[in-house]
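J.: Residue numbering for the sequence shown follows the numbering used here, beginning at 2 and increasing consecutively.
Here a beta-carbon is modelled for each residue, glycine too, at the ideal position from N, C-alpha and C.
In this text, all values refer to a predicted model and were calculated from it rather than measured experimentally.
Quick one: structure below, then a few questions.
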Amino acid sequence: MSNVREGNLDYCLKCSTCHTQCPVVANYMKYPGPKYLGPELERLRLARGEKEPLTIDASLAYCTNCKRCDVACPHGVKPSFYNLKNKAKVKANPSERLRDWILAHNVWWGKVASKVPALSNFTLTLPVTKFAMNMMGIAPRDFPKYHKQKLRFKKININNDIGQVNKKILYYPGCYASFNEPEIIQATIDILERHGYYVEIAPVSCCGTPIFSNGLLDETRSLAKKNIDVFLKYIEKGYKIVTTCPSCGLAIKDEYRDLVPGEKAELLAQNVWDLFELLEEEKNLYFKEDRSKIDKAFYHVPCHLRAQGMGYPAASILKKYAVNKLILEDSYCCGISGTYGFKKEKYQLSKAIGSPLFNAVKASGANLVITDCGTCKLQIEQATKISVKHTGLVLREYLA
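So, in structure tokens, the structure goes:
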């Protein structure tokens, strides 16, 4: 962590605004909250000159990394980073450590499972598989289906001489789109190419968010360094980095700056765009305004999109081109928080955290929920039985 960011601990006023915004505090009485687990313990550690955290509280494992505490802080203190940094010191039992490691490395299993998706999806339904997952502490919930990538686009290789092209995109789709819903990748490529961009898929695997969230700090730092170097090679050649996964976008824009502080991380952060953040900058958008719109839809703002502080550009585009009545809700977390909701001891808590959102979805009367996050989609669909679509899939249908 950089000295500049560590210094902002002194700006913590103990106002407890972060505490009031924490969805875990609201649903789990034993959780002391982000103020205590984050800046308070970190400040005491530094005052005593200790290298290790002052105390390791097992409740650190219950931080969802939703970033709502960071957004709420009036002085820019980041409780979530201190929580995650110290989570690496929490001692879990061997079964939980194995479970957390497996969930953290979904990119490895995704690469294999998506090559034989039918077999993989069938295997996940077998009683013996469910028994094994239960023994490891994995929640009794449905996993997202695996799919093969079948992309149709004109690939531009970084080694080709395309220096004269002004609109070059390195698209980083993330794990969910790559292995579970590759049609998001195709929709993004279609939208970008329609707006005159040359698109290259990033030769990068995981952004590191699930690894970081599961307390594997050193591995996350190592991965972040590698990813930064790959991304910068493209930025030097005039590419912009585009994401369609809020967690990936937040990791590259913000968390890398804490994990690997320095000029490289800062330069990368300045060149990363959410797809609709990028399109909002376009003078002309090639979507049909005269096409029949969706009558009503509910738009869920993922926590990690909210934390990027860029507003909700996708909502503006949806309202203009695709949906007559868009019900936007950014007050609630869905509760799944990536791998968090797949852990048996946190499964019921994840549903309790998401219950205000689920109730709002049902009360809205909308037959469609739109969101930018794959795991939010999974949680909302399973809880409400209402169809959920990624924003890119919806807007591709309205391309001119």
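Are there 16 or more other CB atoms within 10 angstroms of the CB of TYR172, so buried, or fewer, so exposed?
T.: Mapped onto the sequence shown, residue 172 falls at position 171. The residue in question, TYR172, is buried, as its Cβ has 16 or more Cβ neighbours within 10 Å.
J.: Near CYS334, what residues of its chain come up, given a Cβ to Cβ distance below 6 Å and the 5 sequence neighbours on each side ignored?
T.: Here residue 334 refers to the residue found at position 333 of the sequence shown. Cβ neighbours of CYS334 beyond the five flanking positions: PRO24, CYS67, CYS304 and ILE354.
J.: How would you write the range of the beta strand (DSSP E) that ASP296 sits in, first residue to last?
T.: Indexing the sequence shown from 1 puts residue 296 at position 295. It spans 295 to 301 - the beta strand (DSSP E) in which ASP296 sits, taken as one unbroken run.
J.: What is the rounded straight-line gap between the Cα of GLU237 and the Cα of LYS151?
T.: If you number the sequence shown from 1, residue 237 lands on position 236. If you number the sequence shown from 1, residue 151 lands on position 150. Rounded to the nearest angstrom, the two C-alpha atoms are 29 Å apart.
J.: Taking the beta strand (DSSP E) that VAL200 falls in, what are its first and last residues?
T.: The sequence position of residue 200 within the sequence shown is 199, counting from 1. Start and end: 199 to 202.
J.: Starting from ILE371, follow the beta strand (DSSP E) in both directions and report where the run begins and ends.
T.: Numbered from its first residue, the sequence shown carries residue 371 at position 370. Segment 369 to 372, the beta strand (DSSP E) holding ILE371.
J.: Hey, how far is the Cα of LYS149 from the Cα of LEU327?
T.: As a working note, residue 149 is residue 148 in the sequence shown. As a working note, residue 327 is residue 326 in the sequence shown. Straight-line Cα distance between these residues: approximately 32 Å.
J.: State yes or no: is the C-beta of ILE185 within less than 9 Å of the C-beta of LEU394?
T.: Counted from its first residue, the sequence shown places residue 185 at position 184. Counted from its first residue, the sequence shown places residue 394 at position 393. Cβ distance < 9 Å, so ILE185 and LEU394 count as in contact.
J.: Take LYS86 as the anchor and find which of THR244, TYR257 and LYS363 has the nearest alpha-carbon.
T.: Numbered from its first residue, the sequence shown carries residue 86 at position 85. Selected option, being the one with the closest Cα: TYR257.
J.: For ILE186, does the three-state DSSP call read helix, strand or coil?
T.: On the sequence shown, residue 186 is found 185 positions in, with the first residue counted as 1. In the structure shown, ILE186 sits in a helix (DSSP, three-state: H, G or I).
J.: Is there contact here, the stretch 105 to 115 with the stretch 129 to 142, by at least three beta-carbon pairs under 8 Å?
T.: As far as the Cβ criterion goes, the stretch 105 to 115 does not touch the stretch 129 to 142, which means the pair count is below three.
J.: Applying the 10 Å Cβ sphere with the 16-neighbour rule, what's the burial state of PRO314?
T.: Stepping through the sequence shown from its first residue, residue 314 is reached at position 313. Buried, because 16 or more other Cβ atoms sit within 10 Å of the Cβ of PRO314.
J.: Under a CB-based cut-off of 9 Å, is GLU220 close to chain D?
T.: Absence of chain D from the displayed structure is noted, only one protein chain being present.
J.: May I ask you to list the residues that DSSP assigns as paired with HIS391?
T.: Numbered from its first residue, the sequence shown carries residue 391 at position 390. Paired residue(s): THR372.
J.: Tell me, which residues are paired with ASP275 by DSSP?
T.: Translated into positions along the sequence shown, residue 275 becomes position 274. DSSP output for ASP275 lists THR244 as bridge partner(s).
J.: With a CB to CB cut of under 6 Å and the five nearest residues on each side skipped, what residues in its chain are close to THR392?
T.: Along the sequence shown, read from residue 1 onward, the residue named residue 392 stands at position 391. Result list for THR392: ALA315, ILE371 and ASP373, in chain order.
J.: Could you work out which residue in LYS363, HIS76, CYS249 and LEU42 is closest to TYR177 when comparing CA atoms only?
T.: The residue given as residue 177 occupies position 176 in the sequence shown. Answer by Cα proximity: CYS249.
J.: With a Cβ-Cβ cutoff of 9 Å, do ILE337 and PHE288 count as a contact?
T.: Here residue 337 refers to the residue found at position 336 when the sequence shown is read from its first residue. Here residue 288 refers to the residue found at position 287 when the sequence shown is read from its first residue. For ILE337 and PHE288, no; Cβs fall outside 9 Å.
J.: Who does VAL324 pair with in a DSSP beta bridge?
T.: Translated into the one-based positions of the sequence shown, residue 324 becomes position 323. VAL324 is bridged to ILE295.
J.: Between which residues of its own chain and ASN158 is the CB-CB distance below 8 Å, once the five residues before and five after are set aside?
T.: Taking the first residue of the sequence shown as position 1, residue 158 is located at position 157. Model confidence at ASN158 stands at a pLDDT of 47, short of 50, so the residue's coordinates are unreliable and nothing is read from them.
J.: Looking at ILE229 and TYR199, is the spacing between their C-beta atoms short of 9 Å?
T.: Stepping through the sequence shown from its first residue, residue 199 is reached at position 198. Stepping through the sequence shown from its first residue, residue 229 is reached at position 228. Cβ atoms of TYR199 and ILE229: not closer than 9 Å.
J.: Sort out for me which residues DSSP pairs TYR172 with in a bridge.
T.: Counting from 1 along the sequence shown, the entry for residue 172 is found at position 171. Answer by DSSP bridge pairing, in chain order: ILE202 and VAL243.
J.: According to DSSP, simplified to helix, strand and coil, what is LYS254?
T.: Position 253 of the sequence shown, counted from the first residue, corresponds to residue 254. DSSP places LYS254 in helix when its eight states are reduced to three.
J.: Go ahead and pull the three-state DSSP assignment for LYS344.
T.: Here the question's residue 344 lines up with position 343 in the sequence shown. The answer is strand: DSSP assigns LYS344 an E or B state.
J.: Within its chain, find whatever has a CB closer than 6 Å to the CB of CYS74; leave out the 5 residues flanking it on each side and keep chain order.
T.: Along the sequence shown, one-based indexing puts residue 74 at 73. Excluding residues within five positions, the ones whose Cβ falls inside 6 Å are CYS19.
J.: Strictly by DSSP, which residues pair up with GLU330?
T.: If you number the sequence shown from 1, residue 330 lands on position 329. For GLU330, which the question treats as bridged, DSSP gives the partners HIS301.
J.: Out of curiosity, what's the CA-to-CA distance linking LEU1 and VAL261?
T.: Not covered by the structure: residue 1. The range shown for the chain is 2 to 401.
J.: Where ALA298 and ASN84 are concerned, what is the direct C-alpha to C-alpha distance, given to the nearest angstrom?
T.: Numbered from 1 along the sequence shown, position 297 holds the residue referred to as residue 298. Numbered from 1 along the sequence shown, position 83 holds the residue referred to as residue 84. Using only the alpha carbons, I get a separation of about 35 Å.
J.: Judging by CA-CA distance, which residue of ASP71, THR385, LEU99 and THR244 is the nearest neighbour of LYS344?
T.: Taking the first residue of the sequence shown as position 1, residue 344 is located at position 343. It is LEU99 whose Cα lies nearest to the Cα of LYS344.
J.: Going along the chain, which residues of its own chain have a beta-carbon closer than 8 Å to the beta-carbon of ILE212, five neighbours each way excluded?
T.: If you number the sequence shown from 1, residue 212 lands on position 211. Excluding positions up to five away in sequence, the list reads ALA105, HIS106, GLU220, THR221 and LEU224.
J.: What span of residues does the alpha helix (DSSP H) with ARG142 cover, start to end?
T.: Locating residue 142 in the sequence shown gives position 141, where the first residue counts as 1. Unbroken run through ARG142: none, as it is neither H nor E.
J.: Below 9 Å between beta carbons: does that hold for PRO174 and SER115?
T.: If you number the sequence shown from 1, residue 174 lands on position 173. If you number the sequence shown from 1, residue 115 lands on position 114. Their beta carbons are not under 9 Å apart, which means PRO174 does not touch SER115 by this criterion.
J.: When you compare only the Cα positions, how much space is there between THR21 and LYS90?
T.: Position 20 of the sequence shown, counting from 1, holds the residue named residue 21. Position 89 of the sequence shown, counting from 1, holds the residue named residue 90. Those two C-alpha atoms are separated by around 26 Å.
J.: Between SER3 and LYS79, what straight-line distance do the alpha-carbon atoms span, to the nearest angstrom?
T.: Indexing the sequence shown from 1 puts residue 3 at position 2. Indexing the sequence shown from 1 puts residue 79 at position 78. Confidence at SER3 is low in this model, with a pLDDT of 43, below 50, so its placement is unreliable and no value can be given for it.
J.: Who are PHE288's beta bridge partners in DSSP?
T.: Translated into the one-based positions of the sequence shown, residue 288 becomes position 287. DSSP, once it has assigned bridges, lists LEU400 as partnering PHE288.
J.: I need the straight-line Cα distance from LYS365 to LYS92, nearest angstrom please.
T.: To locate residue 365, count along the sequence shown from 1; it is residue 364. To locate residue 92, count along the sequence shown from 1; it is residue 91. Per the sequence shown, residue 365 should be read as Ser rather than Lys. Each residue's Cα considered, the two are about 43 Å apart.
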